[in-house]
Amino acid sequence: SSGREAMLRAASRLLSLVYLLLAVELFDELYSGVGPLSAAAIREGLELDYTGAAAVLLFVPTAIAMVVEPALFLLADRYPRRWFVSGGLAVMALAAFGAASATGPLTMTAAMTLAYLGSGSGVALAQATLVDAQPPDQPGAAERALARWALLGELGDLLGPVLVGGLAAFSF
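Per this note's numbering, the very first residue in the sequence shown carries number 1005; after that it's consecutive.
So this is what it looks like as C-alpha cells:
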C-alpha cells in the first residue's frame, strides 16, 4: 500500500507539473499579444514615429534575442533546466513591470528585450520539459502534450485582444 501511495503522489506531482507548464504557454501567448495590440498607444505615449516604434517593440529585441538565446540554451544543457524556466518567467514578469513603467524609448527597448529573452528561454525550455515529462511507454503521449500546448497557446492568442479591449473600455 505504501508503494501505491508513493506512486499516486508521484503521478499527482507530474500532473501538477504538466498543468503548470501548459499554463506557461497560455500566459506567454497572452503576454506576447499585448505589445503588438498596444503598439499605437505605445508609439503615441513614447512620441515615436512608426519606424521608431517598430525598432523599440520588434527589431532591436529580436536581434538581441537571436544573439543571446543560443548561449542561454547551451547553458540550459549544462545546468538544471528549471533554473532557466523559472528565471525566464521571472524575467518576463520584471519586463512587464519595466514596460509598464517605461518613460522613454530606451527603457521600453530594454524591457522588451528582457521580455523576448525571458520568453525565449522560459517558454521554449518549459515546452521541452513538458515533452520530456511524458511517459516513454505510452505511444503518442508527447504528441498529445504538444497538441494541448498548441491549444492553450491559441487560447492565449485569442484572450490577448479581449484583455486589451477590456482594458481600453475601462480606461475611458
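Don't be surprised by glycine CBs; every beta carbon is placed ideally from N, CA and C.
The continuous alpha helix (DSSP H) containing residue 1166 extends over residues 1145 to 1174.
By the criterion of a C-beta distance shorter than 8 angstroms, residue 1072 is surrounded in its chain by 1121, once the five residues flanking it on both sides are discounted. By the criterion of at least three beta-carbon pairs nearer than 8 angstroms, the segment 1122 to 1130 is in contact with the segment 1087 to 1094.
Judged by beta-carbon spacing, residue 1033 lies beyond the 7 angstroms limit of residue 1169, meaning their Cβ atoms are not closer than that value.
Comparing alpha-carbon positions, the option among 1155, 1047 and 1129 lying closest to residue 1110 turns out to be 1047. Distances from the CA of residue 1051 to each of 1162, 1118 and 1106 were compared; the closest alpha carbon is that of 1106. Between the C-alpha atoms of residue 1134 and residue 1086 there is a straight-line separation of about 12 angstroms. Residue state for residue 1141 is assigned as coil, using DSSP reduced to three classes.
With respect to residue 1152, residue 1026 sits close: the two C-beta atoms are nearer than 7 angstroms. Between residue 1164 and residue 1038, the C-beta spacing is below 7 angstroms.
Under the DSSP assignment, residue 1065 falls in the alpha helix (DSSP H) whose first and last residues are 1064 to 1082.
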